[in-house]
Structures are given as C-alpha cells and as structure tokens.
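Okay, so the sequence shown: first residue is 1 according to the UniProt record's numbering, each after it adds one. The beta-carbon is built from N, C-alpha and C at its ideal position, and this holds for glycine as well. Predicted, not measured: the structure shown is a model, and the values here were computed from it.
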Amino acid sequence: MATFFGEVVVALSRAGVDDEESAEEAREETPEDREIRRELEKKRYRPERGTPAALPAADGAARAWARWGRGIAAPLPSASFAREIDVLWTLKSGASAGSSADEPFVCSKFIVAIGHNAAAFLSSFILDSVCWEVVGVVKLWNEWCRTSNTTNVLPTDSFCLFYRLISDPTVLLCQCSCYVAEDQQFQWLEKVFGCMRKESLQVTILSTCPVADYKTQESTLTLPSPFLKALKTKEFKEQVCCPLLEQPNIVRDLPAA
C-alpha cells in the first residue's frame, strides 16, 4: 500500500512458490533416508543402563537435551553415532608370541590401497598369490556404500579387508575400495592404527586421482597417463621411487587423513 501519491510499490508475488512447496511435499523418501531414520530411532529409544536417556527432538530445535537420574544432561545422538565404524579382526596371531590378545599388533610395514584402482592394482600384482591371508575387515555404512563383516567379496563390491603376509606376520596390507565419509575418517584411523604398535612402523598409501585434477603449467595432454607422484614425511629416509608431488597439488579424503 502506497503511503503518498506517486510512490512506487513493488507487488509481492507467490508465483512458483506453491508449486515448489507441493513438489517438496510430494517427494518420497529414498531407501537411504529410511535407513538413516531407522538407525536414529534405534539410538534414541534404546538408552543403556546408567547412561543419559535419548528423547526425540522437537521439530526445528537446533539442540535438545535429555535428563536422566541425578540431573545429568546429554545431547541427543546425531547421524554420526549411527555411522559408526567397526574393525573386526578374524585372526590376532599377528601379535608377538606370549603377548595378550588385547595388545596392539607388531607391525613393521603397513600398505594401504584406497580406491577401486589402487585396490585392483593390489589384487593383480600383490595379492595374486598364496602368500597372504585375510586377518580383518572393516564394517561401515554411509550414503554411498555399505560393507559387511564377510571376507568373501567380489571385485565389484565395496569392501575394506586386511591381509597378513604369511612368511612375515609383521607385514600387513589393507585393500579399501569402499567410500569412507568425512565424519568417518577419524574413526577409521583411530580404530585401525589403534591396533598397531607405532614403533618402527612404515606406512605406504596407494591412491589415485583424475588427471584433470592435476595442476601443472604444462598441458595435461602431453603427460603420460598414468603417471606416479609421491608425498613423504620427514621421517622417511629411503629413496623415493618416483618424483615428488608439486605444489599446489594436494591429497584429499582418506589418504590425506
């Protein structure tokens, strides 16, 4: 409404707004949405004895609190609790003789292959022999993949398995073709490396990335593909088998963690 003669008033319009709201309401839940909802409901309505109870949060609340017993307050569980990672070791004989099963593994070399290409490389050139045995598996799920505790997997499956060299039990290998979400990467590192002794441990990580992501002053069309680049810490004193990765190139996701 104009307050004086000659004032220009911009008329508000809801054209298209109603259609967008109707489309949003008509959107059906995906199987991933239903799975996340079920996992959250399990965490909320199954409090452990002597721990804070979890109550359903009100719509629109940024944070809700529940009280249990002597006025103890605790936040409601979020999706990260439902996306917990489990590391299941099927054989713990990698520890030194006479040590407890709860003690960390004695590991001198740990090779980690992350991604489908790196995992396929290990399958073709390293694991294609009888010198390795499966000793562990990682069980996780997120919006991109789901793994189980089975060790009988296909090359097309998403999995994360641990192998041990039979001739030298201190050499371990991890073949990880599954996607580890950002909120799960710290869990992965903490639970995997928490089972190993850190003294004299050498970790080698194999991963791949698209050539289009490689930053260089030269044209990527003139580069041989595939090509190798390496990153190393100051503690690594041995000879590097390929040139070092130049700046400003970076490593992302689980290899960077």
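Hey, residue i and residue j are a contact pair by Cβ (cut 8 Å); roughly how many whole angstroms apart?
i	j	result
T220	Y214	6 Å
S177	A119	4 Å
T141	L165	Looking at the sequence shown, residue 141 is not Thr but Trp. Not really, about 30 Å apart at Cβ, beyond 8 Å.
V251	L231	6 Å
V112	I36	Contact flag wrong, Cβ pair sits at about 28 Å.
T170	V106	5 Å
L201	V137	The Cβ separation is near 21 Å, so there is no contact.
K234	L245	About 15 Å; that fails the 8 Å criterion.
L161	V134	6 Å
D86	K139	4 Å
E143	E32	5 Å
P210	I114	Incorrect: roughly 15 Å between the Cβ atoms, too far for contact.
Could you give the residue range of the beta strand (DSSP E) that holds residue i?
i	result
W132	132–139
Q217	No beta strand (DSSP E) contains Q217, which DSSP labels as neither H nor E.
L88	86–89
When burial is assigned at 16 or more other CB atoms within 10 Å of the CB, is residue i buried or exposed?
i	result
Q175	buried
L173	buried
L154	exposed
P243	exposed
F110	buried
F186	exposed
T217	At residue 217 the sequence reads Gln, which differs from the Thr that was named. By the neighbour-count rule (16 or more Cβ atoms within 10 Å), Q217 is not buried but exposed.
W188	buried
F125	exposed
Q184	buried
L223	exposed
F159	buried
T150	exposed
D59	With a pLDDT of 36 at D59, under the threshold of 50, the modelled position of this residue cannot be trusted; read the value that follows with caution. Label assigned to D59: exposed.
P248	exposed
Shorter than 8 Å from the beta carbon of residue i to some beta carbon of chain C?
i	result
V135	Of the protein chains in this structure there is only one, and it is not chain C.
For residue i, report the span of its alpha helix (DSSP H) as first-last.
i	result
D157	First-last for D157: undefined, no H or E at that position.
A120	116–125
L223	Unbroken run through L223: none, as it is neither H nor E.
P255	253–256
Is the stretch 191–201 in contact with the stretch 223–240, if contact means three or more CB pairs nearer than 8 Å? no
Ordered list of beta strand (DSSP E) runs contained in the stretch 161–205, each at least 3 residues: 171–176
Beta strand (DSSP E) runs wholly inside the stretch 228–253, at least 3 long, in chain order: none
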